[in-house]
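Top to bottom, those sequences are chains Z and C. For what it's worth, UniProt numbering labels the leading residue of the first sequence as 1, then goes sequentially. For what it's worth, UniProt numbering labels the leading residue of the second sequence as 1, then goes sequentially. Virtual Cβ for every residue (Gly too), placed ideally from N, Cα, C. One structure is given below, encoded as structure tokens.
Number of protein chains: 2
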Amino acid sequence: MSSMTPRSERIPADERREQILAAATTVFGELGYAGATTDRVARAAGISQPYVVRLFGTKEQLFIETLRRTLARLLAAFRAALAEADAGADAGGDGDGEAREARLGEAYLELVEDRGTLLTLLHGFMMGSDPVIGPVARDGFLQVFRMLRDEAGFTPDQIHRFLADGMLINTLLASGVGLAAKRDRDAAELMDCTFGAHVAEVLERASA
Amino acid sequence: MSSMTPRSERIPADERREQILAAATTVFGELGYAGATTDRVARAAGISQPYVVRLFGTKEQLFIETLRRTLARLLAAFRAALAEADAGADAGGDGDGEAREARLGEAYLELVEDRGTLLTLLHGFMMGSDPVIGPVARDGFLQVFRMLRDEAGFTPDQIHRFLADGMLINTLLASGVGLAAKRDRDAAELMDCTFGAHVAEVLERASA
DNA sequence: GTCTATATGACGATAGAC
DNA sequence: GTCTATCGTCATATAGAC
Numbered sequence: 001m002s003s004m005t006p007r008s009e010r011i012p013a014d015e016r017r018e019q020i021l022a023a024a025t026t027v028f029g030e031l032g033y034a035g036a037t038t039d040r041v042a043r044a045a046g047i048s049q050p051y052v053v054r055l056f057g058t059k060e061q062l063f064i065e066t067l068r069r070t071l072a073r074l075l076a077a078f079r080a081a082l083a084e085a086d087a088g089a090d091a092g093g094d095g096d097g098e099a100r101e102a103r104l105g106e107a108y109l110e111l112v113e114d115r116g117t118l119l120t121l122l123h124g125f126m127m128g129s130d131p132v133i134g135p136v137a138r139d140g141f142l143q144v145f146r147m148l149r150d151e152a153g154f155t156p157d158q159i160h161r162f163l164a165d166g167m168l169i170n171t172l173l174a175s176g177v178g179l180a181a182k183r184d185r186d187a188a189e190l191m192d193c194t195f196g197a198h199v200a201e202v203l204e205r206a207s208a
Numbered sequence: 001m002s003s004m005t006p007r008s009e010r011i012p013a014d015e016r017r018e019q020i021l022a023a024a025t026t027v028f029g030e031l032g033y034a035g036a037t038t039d040r041v042a043r044a045a046g047i048s049q050p051y052v053v054r055l056f057g058t059k060e061q062l063f064i065e066t067l068r069r070t071l072a073r074l075l076a077a078f079r080a081a082l083a084e085a086d087a088g089a090d091a092g093g094d095g096d097g098e099a100r101e102a103r104l105g106e107a108y109l110e111l112v113e114d115r116g117t118l119l120t121l122l123h124g125f126m127m128g129s130d131p132v133i134g135p136v137a138r139d140g141f142l143q144v145f146r147m148l149r150d151e152a153g154f155t156p157d158q159i160h161r162f163l164a165d166g167m168l169i170n171t172l173l174a175s176g177v178g179l180a181a182k183r184d185r186d187a188a189e190l191m192d193c194t195f196g197a198h199v200a201e202v203l204e205r206a207s208a
């Protein structure tokens, strides 16, 4: 009885950092950069607040690493989807890219079904005028653009439509209009106008 | 010398409220709901912090009224654009709606050229899960949808494209990718892919 | 209609023990 | 690797004078 049990197990810092970043994605997503507190992130990760600060230096640094990780996961999901689309294609020359477009769209929906992931991305994009966070967000956006252009081989028009639809999905999801479609007639009609029944269903699940 | 000059002129409360809401649009836009402080709003409006609270009750109420005002201005701008488009049309039956689409798009760009207006709207849409702010934001979005459907007479496909393009413009503007196009090659190509030179120019001005 | 003063409660970050 | 204790700062909201 001469020593108390520590509240958290002693685990490697790398693993701990990953736990914290996952927790931070949820917390920053729901509360935004300013609204989130290091204490809430710490509690979501099951550790003490000073330890979060110890591992990341500052709250700003924690947000940057959270945003970077989310952007990296987005890119990785897109690349995996691309590989799948190409593996599924018939042996002959590549199709017109419609399979890729569809598969990328599905991959995006799966990712942003997690509200924390969706909102962390959006908060990042909205902080374009922050001198340190802005460049990180823009760089992520441009990486996606280059991937669509160079790796997916999208035409300019495909890129335009893909990005624009993605941003509309974000807004429908974040605002809760997707979820409201279950109760509200106009919201349901809006979902019909914009995306088919399939997507609407995913949006509904994700908004919940 | 028995009394000091008040720091602010004594003006009617209605006028004061409008000044404060205009200032709040800038401050909430740049710092977000949580990041903004009633003190910064007060200073932007040239009055004391307690007086802002006195007039609006709470910070939350101030944000709600700021968001409502911004949404109302958006609707008003759209209705004015619609009236213009119809006034400009030749006497015969209405065109296929392309003039309306173009005029509405211009009206939107003019509005979101003000960064505070743009970001206040986006912050609202991102707070869909807030029990009191969420419904206000969704209601605004649905009002826009109904206007497009009932007053502009858009087809479902027109509605889809108009909204999706709008959301992409928002993101390009908020993240600063539009402005970065002046320096960054890929950013410039992205702007080319998505919107023509005309829109890109406006986005550039607006990002500045 | 507007201010000053202030109570009260976070939050971020540091110090230092184990 | 992780904690407890705590300092300094800042924000919302109230009280009350003018």
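Taking the alpha-carbon of residue i as reference, which of the options has the nearest alpha-carbon?
i	options	result
G88 of chain C	C:Q19, C:R103, C:L75, C:L74	C:R103
M147 of chain Z	Z:T58, Z:A200, Z:V177, Z:A77	Z:A77
I169 of chain C	C:R183, C:I47, C:L121, C:L82	C:L121
L67 of chain Z	Z:I159, Z:Q158, Z:L119	Z:L119
V27 of chain Z	Z:A13, Z:A44, Z:E113, Z:R205	Z:A44
F154 of chain Z	Z:L82, Z:V52, Z:L74, Z:Q19	Z:L82
V132 of chain Z	Z:L109, Z:A42, Z:S48, Z:E60	Z:E60
V199 of chain Z	Z:H160, Z:A72, Z:V112, Z:S48	Z:V112
E110 of chain Z	Z:A13, Z:R205, Z:E9, Z:S8	Z:R205
G128 of chain Z	C:G29, C:M127, C:R79, C:Q158	C:G29
Examine chain Z for any beta-carbon lying closer than 7 Å to the beta-carbon of residue i, and answer yes or no.
i	result
F125 of chain C	yes
P156 of chain C	yes
R138 of chain C	yes
I159 of chain C	yes
V177 of chain C	yes
D165 of chain C	yes
F141 of chain C	yes
L71 of chain C	no
Buried or exposed, going by whether 16 or more other CB atoms sit within 10 Å of the CB of residue i?
i	result
A174 of chain Z	buried
R115 of chain C	buried
I64 of chain Z	buried
I11 of chain C	exposed
P183 of chain C	Residue identity differs from the one stated: residue 183 of chain C is Arg in this sequence, not Pro. When all chains shown are included, R183 of chain C counts as exposed.
D165 of chain Z	buried
T194 of chain Z	buried
R100 of chain Z	buried
V52 of chain C	buried
T58 of chain C	exposed
A23 of chain Z	buried
A107 of chain Z	buried
Say whether chain C places a C-beta atom closer than 7 Å to the C-beta of residue i.
i	result
A188 of chain Z	no
T117 of chain Z	no
F162 of chain Z	no
G153 of chain Z	no
*Do the region 183–190 of chain C and the region 128–138 of chain C meet, that is, are 3 or more Cβ pairs less than 8 Å apart?*
Result no; under three Cβ-Cβ pairs closer than 8 Å.
*Stretch-stretch touch, CB-based, cutoff 8 Å, three pairs: the region 21–39 of chain Z with the region 33–47 of chain C*: They touch, by the three-pair rule.
_Quick check for students: name the residue ranges of the alpha helix (DSSP H) that lie wholly in the UniProt domain "HTH tetR-type" (14–74) of chain Z, counting only runs of 4 or more._
Within the UniProt domain "HTH tetR-type" (14–74) of chain Z, the complete alpha helix (DSSP H) runs of at least 4 residues are 38–45, 49–56.
_Give the list of continuous alpha helix (DSSP H) stretches no shorter than 4 residues that lie fully inside the region 124–199 of chain Z._
Runs of the alpha helix (DSSP H) inside the region 124–199 of chain Z: 133–146, 156–175, 177–180, 185–194.
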